[in-house]
Every structure is written in structure tokens, then in C-alpha cells.
Amino acid sequence: MLENKISELFKTEKYDELSELTEKENINELADALSKLKKDFLCDVFPKLPQKISAKVFMLFSEDLQKYLTENISDFEFRFISEEILDNDAEKNLNTEVRNEVLRMAEADTRHEKLLEIIDKIDNKNFSALKPLLSEMEPIDIADIINDTPEEKIFILFRLLPKDLASETFVEMDSDKQEILIRAFTDKELSSIIDDLFVDDTLDIIEEMPSNIVVRILRLSDKETRESINKLLGFPKDSAGSIMTTEFVSLREKMTVEEALAKIRKQALDKETIYTCYVTDDSKHLLGIVTAKDLILHDPKDKISDFMEDNIITAHTHSDKEEVSQLLSKYDLLAIPIVDNENRINGIVTIDDAIDVIQEEASEDISKMAAISPMTKPYLQTNVFRLFSSRIPWLLLLLLSATFTGLIINIYEATLNNLSPLLFACIPMLMGAGGNAGSQASVTIIQSIALNEVSFRDLFKVLWKEIRVSIVVAVVLAVACFAKLLLIDNLIFGYDYSVKISLVVSLALFATICISKIIGALLPMLAKKCKLDPAVVASPFITTLVDIISLIIYCGFSVLMLS
Numbered sequence: 027m028l029e030n031k032i033s034e035l036f037k038t039e040k041y042d043e044l045s046e047l048t049e050k051e052n053i054n055e056l057a058d059a060l061s062k063l064k065k066d067f068l069c070d071v072f073p074k075l076p077q078k079i080s081a082k083v084f085m086l087f088s089e090d091l092q093k094y095l096t097e098n099i100s101d102f103e104f105r106f107i108s109e110e111i112l113d114n115d116a117e118k119n120l121n122t123e124v125r126n127e128v129l130r131m132a133e134a135d136t137r138h139e140k141l142l143e144i145i146d147k148i149d150n151k152n153f154s155a156l157k158p159l160l161s162e163m164e165p166i167d168i169a170d171i172i173n174d175t176p177e178e179k180i181f182i183l184f185r186l187l188p189k190d191l192a193s194e195t196f197v198e199m200d201s202d203k204q205e206i207l208i209r210a211f212t213d214k215e216l217s218s219i220i221d222d223l224f225v226d227d228t229l230d231i232i233e234e235m236p237s238n239i240v241v242r243i244l245r246l247s248d249k250e251t252r253e254s255i256n257k258l259l260g261f262p263k264d265s266a267g268s269i270m271t272t273e274f275v276s277l278r279e280k281m282t283v284e285e286a287l288a289k290i291r292k293q294a295l296d297k298e299t300i301y302t303c304y305v306t307d308d309s310k311h312l313l314g315i316v317t318a319k320d321l322i323l324h325d326p327k328d329k330i331s332d333f334m335e336d337n338i339i340t341a342h343t344h345s346d347k348e349e350v351s352q353l354l355s356k357y358d359l360l361a362i363p364i365v366d367n368e369n370r371i372n373g374i375v376t377i378d379d380a381i382d383v384i385q386e387e388a389s390e391d392i393s394k395m396a397a398i399s400p401m402t403k404p405y406l407q408t409n410v411f412r413l414f415s416s417r418i419p420w421l422l423l424l425l426l427s428a429t430f431t432g433l434i435i436n437i438y439e440a441t442l443n444n445l446s447p448l449l450f451a452c453i454p455m456l457m458g459a460g461g462n463a464g465s466q467a468s469v470t471i472i473q474s475i476a477l478n479e480v481s482f483r484d485l486f487k488v489l490w491k492e493i494r495v496s497i498v499v500a501v502v503l504a505v506a507c508f509a510k511l512l513l514i515d516n517l518i519f520g521y522d523y524s525v526k527i528s529l530v531v532s533l534a535l536f537a538t539i540c541i542s543k544i545i546g547a548l549l550p551m552l553a554k555k556c557k558l559d560p561a562v563v564a565s566p567f568i569t570t571l572v573d574i575i576s577l578i579i580y581c582g583f584s585v586l587m588l589s
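According to my numbering, the residues represented by the sequence shown are 27 to 589, in order.
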């Protein structure tokens, strides 16, 4: 009997032979044999089968057996079977309950695509079939689906979510989708959402909304939340105060561990984090910190003052938010207290907010290095005019700066033609190589500045290192260029590159590479010293500057050596 063979091979751990056997058998007979195994034993055997076979056999099982397998095989093991089922669009043949389980255990991207297909085809009356699945999903995954859902179905989909999950999902949604929902909410529904949000999340939403919605949100917020929001709105845009949350646990140094834990239990649901607690006096002066680990390990009668950490890493309310994020990263903190001039704690910045800042700053730097004004919305949500306006100023500026390049070529045009028309053919290579070399150095230094690996005091160390690197790189490229001109361009393609012309081009390339790398390394550091963004002087400006310098060097070498 086939089921006996399968049992024997599995028990003796001959999994390769088991795979070969199942691949040779008729799929219907295999499904029939597997269904005769004890259910708990089948849960062990099933993940060991080839994924394609498992998916096909699963589709032939009874609905009760399908349901049993999805409930009793681990999510990790069943994920691969789910992917195979969904890749073949076989989920259409499953009942709703089993289909939801298959989707739940699939990879996030696959589940996202399939759910959008289902939502697109489903009518408004049948949305409730998705409720069990959505209730098991992560808020960010639900938000991604809502962001891609047609506008007319967003509100129906959102109302399927349990109250707490709805609030967490709302925070993760794109601002335009949040606005659609806010306009559709009754005052009671909007008030319920606001009450469940942390203050810093509410502030993030307010900053993206038009004034009439901001007024409505503030009107529906309780007095304490409204005061906290108004306080946070008073801090500069890029400061630590603008991203901090005021919802943290504060303790007193005279408290016992038992009293502290009782207070944490009482306040935990309303606080951003309870792992790190802050010890203050009656005037909110920060005295120390204790962690949940400290409280658990100490005796219930111990005083907080006996073991609190009073050597505290803090940031000021007006500190740059990027610097605060770097502090969290440097000291491996989960949260950092934000204090004022009198060392009174105003709030905390948590690691999740720091990650958002780091991503935002990285995106901004990438945009600036590509000569694009940073965008505040995702690409697909940014209209054509906004994209145009973010790109055209830089392109116009670079176009004007290229005038100097054209001016140099015009000045030397007649001279180079008289010396050898072939000299013009090497200009693009020189300018391209110089620009790329300068960009390499600038990007390396900008990255090091962002990670606090170098500062202006390291200027001469950086200069000495780049001089050595540039000489080695320049020698290799110059030799390669000399060989290319004589062996490839001259002998193979028949262009009349003499040894002298090849030497001029190679020496000009050597000088260009050396100067380009030095400029590329020094300009970002000088920009940082002048309190400018180093990313602004990256690739586009360095490339333009290097183009001008490389042309001057090249034309100078040509006139000097060939006249």
C-alpha cells in the first residue's frame, strides 16, 4: 500500500526517496493515500514533500482536512506550500476560511497582490469574508493594502478592523488615504481613533493635513492631548522636540520597586514604551533612569534611588533630530530622554522614530546627490508638476554652469584642431573619468560624515589618504589609456594616434584623476564646516567643476607638449 511506503520512508528519515516516490505517483492516488494517514502524522509528513506536490495534493484534500492542516502545520513550514498554491492561482478553488489561512501564511508581497485582486473583484456586501484574515495581519501590511485600494472601498475595508488594530493601521497609512477616511468619519469615530493614538503619531498626521482637518482633530482631542500637541508644534521642524513623545513612565526616587511596578501596570497601555522608565523630582528634573529589567531583578522593597542609573545620555529639545537619531544608534538605546535648559524632561524619542528620521535623511541625501529637490510623498503619489519643479531648478543651474565648459572648448578649438583633430575625440573620456572619480570620493566622504566617521578636524588625514589613492588609481588608468590608444584605436581601428599624442592624453588623465579625487573628498568636508549639506555639493556640482578643470589641464598639456 502506498500509504505504508510513505510512512516507512518518513520514519526512517529517507526524505530523498520519499520525494522521488511522491513525484512518480499519480497525484490523485497520492492524495488518497495521504488522506488515509493519521492527521497528526500527516502534519509531520506533509512539509517534507516537494512543494509543488504538496500544493497539488492539498487542493485535492477535503475541506475539513485542508482546514486541519492549515491550523496544525507551523506557519513557517506551510508558507512555502502557500506560495506554490498562490503562484498557480489555485486559491480560487478553496473555501473562504481555508483561503484566508493560506493567504495569512504567505509572504507579505504575495499576500498583498492576491488581496488586491480579491478586493478588486469583491462587492461591498461580501467584504466581511476578509475580516478574519485582516484581524490576523500586521498593521503595516494592512495599511499597504488600503493605500493601494480604490478610494470607494477604503472606508468599507477600514471598518472591518477591530478598534485597536484600526488605530495602529491608521498611523501607518499614506496621508492622502488618512484624509479620505477622516472626511468620512463621524466625530465619534474620529475621536475614538485619536484617543488610541500616541501624541507623536497624532502630530505626524496633523502635519500632513489641511487646516480644516487640523482644526477638527484638535477640537475632538481631549484637553491633555491638545496641550501636548500645541507644545510639540512649538518646536522647530527638524528638532528633537518635534519628533518626541510626551507619553513616558516617570517614577520618583523614593518609590519602592513594588510601587513602581504598580504604577507601570496602571499606565502601561497609555505609554509609548515601558522598558525604560525615568526618575524625576516634583519639578520634572531628570534624576536617573531604570529599566524593566532592573525592576524585575531587584527586591520589591528596594528603593529606586538605590539602583537607578544617574549617568544619563540626553538630548536637548532643540537638538537636530538627525543628531538624536545618531545618539540612539551610537549607544544602542531604545529611547533617549529630551530635556530643556534646566534639565527637565520634556519627552522621549524612541528608536522607531529615529529609524524614520534616518530613512528620511537618507532619502533626502540621495535626492540632493542626484540634483533633485527632496520629495515629501512617495513617487507614485507625487504629481507630474511636483516632479518637474523638484528637478528643473538644478538642471537649469547645471546647464548654466556648463557654459564655462563650452567657453574653454571655444577658446582652444582652433589650437587643438591645428595640433591634431584626434585630440577632440578624447575630451568625453577625460571628462567622464574625472567626473566619476570625483563622485566616488565625494560619496565615500559624505557617507563617512553621515556616520560620524570623519569630521573637519580629519581634513589632512583625508587629504593624505586621497592623494595616495588617487595616485594609484591615476597610474592604472593612465597606463590603460596609453595602451588603449596605441593598441586598439591605432592598430585595430586605424586612427593615427602617435606615441606623443597618447602620452599627452594619458598624462592629462593622470592629473585629472588626482585632482578630481582630492576635490571630491574635500568639498563635502568644507560644506559641512560651513554648515551646508554635504550632499548638495556631491555628484552634479563636483562633476561640473571637474569637467572645467579637466579641460583646462588637457588643453594646457596639449599646447605645452605638442606645439
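A virtual CB, placed ideally from N, CA and C, is assigned to each residue, including glycine.
Where C303 sits in the DSSP three-state scheme = Residue numbering aside, residue 303 sits at position 277 when the sequence shown is read from its first letter. If DSSP states are grouped into helix, strand and coil, C303 belongs with the strands.
Inspect the beta-carbon positions of V225 and T271 and report whether they are closer than 7 Å.
-> The count along the sequence shown starts at 1 and reaches residue 225 at position 199. The count along the sequence shown starts at 1 and reaches residue 271 at position 245. Yes, Cβ-Cβ distance for V225 and T271 is below 7 Å.
Buried or exposed by the 16-neighbour rule on C-beta atoms within 10 Å, applied to S584 | One-based indexing of the sequence shown puts residue 584 at position 558. With 16 or more other CB atoms across the displayed protein chains lying within 10 angstroms of its CB, S584 is buried.
Run the CB neighbour count on N372, radius 10 Å, all protein chains shown included, and call it buried at 16 or more, exposed below.
-> Walking along the sequence shown from the start, residue 372 turns up at place 346. So N372 ends up on the buried side.
Go ahead and pull the three-state DSSP assignment for R278.
-> Within the sequence shown, numbered from 1, the residue matching residue 278 stands at position 252. Coil, per DSSP.
Just to confirm, are G432 and S542 a CB contact at a threshold of 7 Å?
-> For this step, residue 432 is matched to residue 406 along the sequence shown. For this step, residue 542 is matched to residue 516 along the sequence shown. Not closer than 7 Å, so no.
Kindly provide the ranges of any beta strand (DSSP E) runs that are 3 or more residues long and lie completely inside the segment 393-477, ordered along the chain.
-> Complete beta strand (DSSP E) runs here, min 3: none at all.
Inspect the CB distances between the segment 159-169 and the segment 193-206 and report whether three or more fall short of 8 Å.
-> yes
Environment of I545 [buried if 16+ CB atoms lie within 10 Å] | As a working mapping, residue 545 is identified with position 519 in the sequence shown. So I545 counts as buried.
Relative to the alpha-carbon of D382, which residue among I497, D227, R417, T429 has its alpha-carbon at the smallest distance?
-> Your numbering for residue 382 matches position 356 in the sequence shown. It is D227 whose Cα lies nearest to the Cα of D382.
Thinking just about the alpha-carbon of each residue, which of K310, K203, L456, L223 is nearest to the one in A169?
-> As a working mapping, residue 169 is identified with position 143 in the sequence shown. Cα-wise, what sits closest to A169 is K203.
Given a threshold of 16 other Cβ atoms within 10 Å of its Cβ, counted over all protein chains shown, does F482 qualify as buried or as exposed?
-> Counting from 1 along the sequence shown, the entry for residue 482 is found at position 456. The residue is exposed, with fewer than 16 neighbouring Cβ atoms inside 10 Å.
Per-residue DSSP class, three states only, for S524 = Residue 524 sits at position 498 when you count from the first residue of the sequence shown. Here S524 sits in coil by DSSP.
Through-space distance from L207 to D146, alpha-carbon basis | Position 120 of the sequence shown holds residue 146. Position 181 of the sequence shown holds residue 207. The straight-line gap from Cα to Cα measures roughly 19 Å.
Could you check where the beta strand (DSSP E) with L156 kicks off and where it finishes?
-> Here residue 156 is taken as the residue at index 130 of the sequence shown, counted from 1. Note, L156: premise wrong, no beta strand (DSSP E); not H, not E.
Buried or exposed: which applies to V305, given that a residue is buried once 16 or more other Cβ atoms fall within 10 Å of its Cβ?
-> Taking the first residue of the sequence shown as 1, we reach residue 305 at position 279. Per the 10 Å Cβ criterion, buried.
Could you tell me the distance, in whole angstroms, from the CA atom of T72 to the CA atom of S80?
-> Translated into positions along the sequence shown, residue 72 becomes position 46. Translated into positions along the sequence shown, residue 80 becomes position 54. It should be noted that the sequence gives Phe, not Thr, for residue 72. Each residue's alpha carbon lies about 7 Å from the other.
List in chain order: all unbroken beta strand (DSSP E) runs of 3+ residues lying wholly within the segment 290-345.
-> 302-306, 312-317
Beta-ladder partner(s) of G373, from DSSP | Along the sequence shown, read from residue 1 onward, the residue named residue 373 stands at position 347. I364, per the DSSP bridge assignment.
Sufficient close CB pairs (3 or more, under 8 Å) joining the segment 328-346 to the segment 359-367 = yes
Would you tell me roughly how many angstroms separate the C-alpha atoms of M587 and V530, rounded to the nearest one?
-> As a first step, residue 587 must be located in the sequence shown, where it is residue number 561. As a first step, residue 530 must be located in the sequence shown, where it is residue number 504. Cα to Cα, the separation comes out at about 7 Å.
Looking at C-alpha atoms only, which residue of E279, D221, S589 is the closest neighbour of D336?
-> Position 310 of the sequence shown, counted from the start, is the residue given in the question as residue 336. The option with the nearest alpha carbon to D336 is E279.
Nearest-angstrom Cβ-Cβ length linking T299 and D328, presumed shorter than 8 Å = Residue numbering aside, residue 299 sits at position 273 when the sequence shown is read from its first letter. Residue numbering aside, residue 328 sits at position 302 when the sequence shown is read from its first letter. 22 Å between Cβ atoms; not a contact.
If I171 and H138 are in contact, beta carbons under 8 Å, what's the gap, nearest whole angstrom?
-> Here residue 171 refers to the residue found at position 145 of the sequence shown. Here residue 138 refers to the residue found at position 112 of the sequence shown. Contact between I171 and H138 is confirmed by a C-beta separation of about 6 Å, below the 8 Å threshold.
Assuming S218 and K257 form a contact by the criterion Cβ under 8 Å, report the distance between their Cβ atoms to the nearest whole angstrom.
-> The count along the sequence shown starts at 1 and reaches residue 218 at position 192. The count along the sequence shown starts at 1 and reaches residue 257 at position 231. Not a contact, Cβ separation roughly 24 Å.
Thinking L535 and A459 are a contact (beta carbons under 8 Å), I'd like their distance in whole angstroms, please.
-> Counting from 1 along the sequence shown, the entry for residue 535 is found at position 509. Counting from 1 along the sequence shown, the entry for residue 459 is found at position 433. About 6 Å separates the beta carbon of L535 from that of A459, a gap short enough to meet the 8 Å contact definition.
Taking the continuous alpha helix (DSSP H) assigned at Y357, which residues delimit it?
-> Position 331 of the sequence shown, counted from the start, is the residue given in the question as residue 357. Y357 -> no alpha helix (DSSP H), and no H or E assigned at all.
Between the CA atoms of S427 and W420 - distance to the nearest angstrom = Position 394 of the sequence shown, counted from the start, is the residue given in the question as residue 420. Position 401 of the sequence shown, counted from the start, is the residue given in the question as residue 427. Rounded to the nearest angstrom, the two C-alpha atoms are 10 Å apart.
Report the residue from A318, N436, L533 whose alpha carbon sits nearest the alpha carbon of R291.
-> Position 265 of the sequence shown holds residue 291. Residue A318 is the option with its Cα nearest to R291.
Relative to the C-alpha of D66, which residue among Y41, L86, E97 is closest?
-> The residue labelled residue 66 in the question sits at position 40 within the sequence shown. For D66, the nearest C-alpha among the options comes from E97.
Neighbourhood of I575 by C-beta distance below 8 Å, restricted to the same chain and skipping five residues each side | Here residue 575 corresponds to residue number 549 of the sequence shown, with the count starting at 1. Excluding positions up to five away in sequence, the list reads G460, T538, I541, S542, I545.
What is the residue span of the alpha helix (DSSP H) that M131 lies within?
-> In the sequence shown, the residue the question calls residue 131 occupies position 105. Segment 122-131, the alpha helix (DSSP H) holding M131.
Do the CB positions of I99 and C69 come within less than 7 Å of each other?
-> Numbered from its first residue, the sequence shown carries residue 99 at position 73. Numbered from its first residue, the sequence shown carries residue 69 at position 43. Taking 7 Å as the cut-off, the beta carbon of I99 is found closer than this to the beta carbon of C69.
Should D378 go down as buried or exposed, given a rule of 16 or more other Cβ atoms within 10 Å for buried?
-> On the sequence shown, position 352 is the one that residue 378 refers to. By the 10 Å Cβ count, D378 comes out exposed.
Where T271 falls: helix, strand or coil (DSSP) | Your numbering for residue 271 matches position 245 in the sequence shown. Strand.
Less than 7 Å separating the beta-carbons of A388 and S351?
-> In the sequence shown, the residue the question calls residue 388 occupies position 362. In the sequence shown, the residue the question calls residue 351 occupies position 325. No, the Cβ-Cβ distance between A388 and S351 is not below 7 Å.
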